[in-house]
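Everything below concerns the one structure shown next.
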């Protein structure tokens with residue numbers, strides 16, 4: 001059951017998928033339609049999930065579930081991953097590789113393999129103040145407070 005993202009409680013679980021490239025406006029519009037249909041039908045053991053999604057920066061897909069109503073289970077999480085894999089195939093993108101880093105360079109959003117990000121740190125092309133996307137946040141409250149943060153305030157800090 002689709003619920004507007006802003007109406008979900010802060011404890012709602014989130015999963016963040018980042019694309020290795022920026023989606024076009026047309027692609028993002030199609031993805032939004034597909035996500036809405038998926039979330040409307042998303043269920044755990046036959047019980048509808050109170051769920052939502054956000055699309056950010058033409059690059060990020062954020063899924064959320066109100067675990068107080070019905071917890072996402074292994075099967076329901078698997079179905080969401082299958083949905084994401086379908087988007088990967090349809091749009092020829094990588095959404096599941098967690099060994100990539102997305103960060104801001106001014107107003108531009110950059111996406112690099114972790115090894116390249118580490119090299120950029122060494123070369124001082126990025127600093128502890130560089131805004132990174134901490135995709136390890138687990139709920140909406142963390143998403144709101146700690147998703148876009150200086151690298152020094154996220155797991156990326158280990159590279160400085």
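Numbering (full-length UniProt numbering), first residue to last: 1 to 160. The C-beta atom is built at its ideal place from N, Cα and C for all residues, glycine as well. These numbers come from a predicted model, not from an experiment.
How is residue i classed by DSSP in three states: helix, strand or coil?
i	result
residue 13	strand
residue 85	helix
residue 118	helix
residue 100	strand
residue 3	coil
residue 144	helix
residue 90	helix
residue 52	strand
residue 133	strand
residue 60	strand
residue 112	strand
residue 95	coil
residue 35	helix
residue 43	strand
I'd like to know whether the C-beta atoms of residue i and residue j end up nearer to each other than 9 Å.
i	j	result
residue 133	residue 117	no
residue 80	residue 55	no
residue 137	residue 14	yes
residue 161	residue 50	What is shown of the chain runs 1 to 160, which leaves residue 161 out entirely.
residue 127	residue 151	yes
residue 105	residue 130	yes
residue 23	residue 58	yes
residue 100	residue 16	no
residue 1	residue 48	yes
residue 204	residue 108	No answer is possible for residue 204: the residues shown for the chain start at 1 and end at 160.
Could you give the C-beta distance for residue i and residue j, rounded to a whole number, given that I count them as a contact under 8 Å?
i	j	result
residue 141	residue 68	Between residue 68 and residue 141 the Cβ distance is about 13 Å, and since that is not below 8 Å, they are no contact.
residue 3	residue 52	5 Å
residue 44	residue 71	7 Å
Cα-Cα, which of the options is closest to residue i?
i	options	result
residue 91	4, 5, 9, 19	19
residue 9	45, 144, 148	144
residue 94	1, 74, 119, 113	113
For the 8 Å Cβ check, are there 3 or more pairs between the segment 25–38 and the segment 143–159? no
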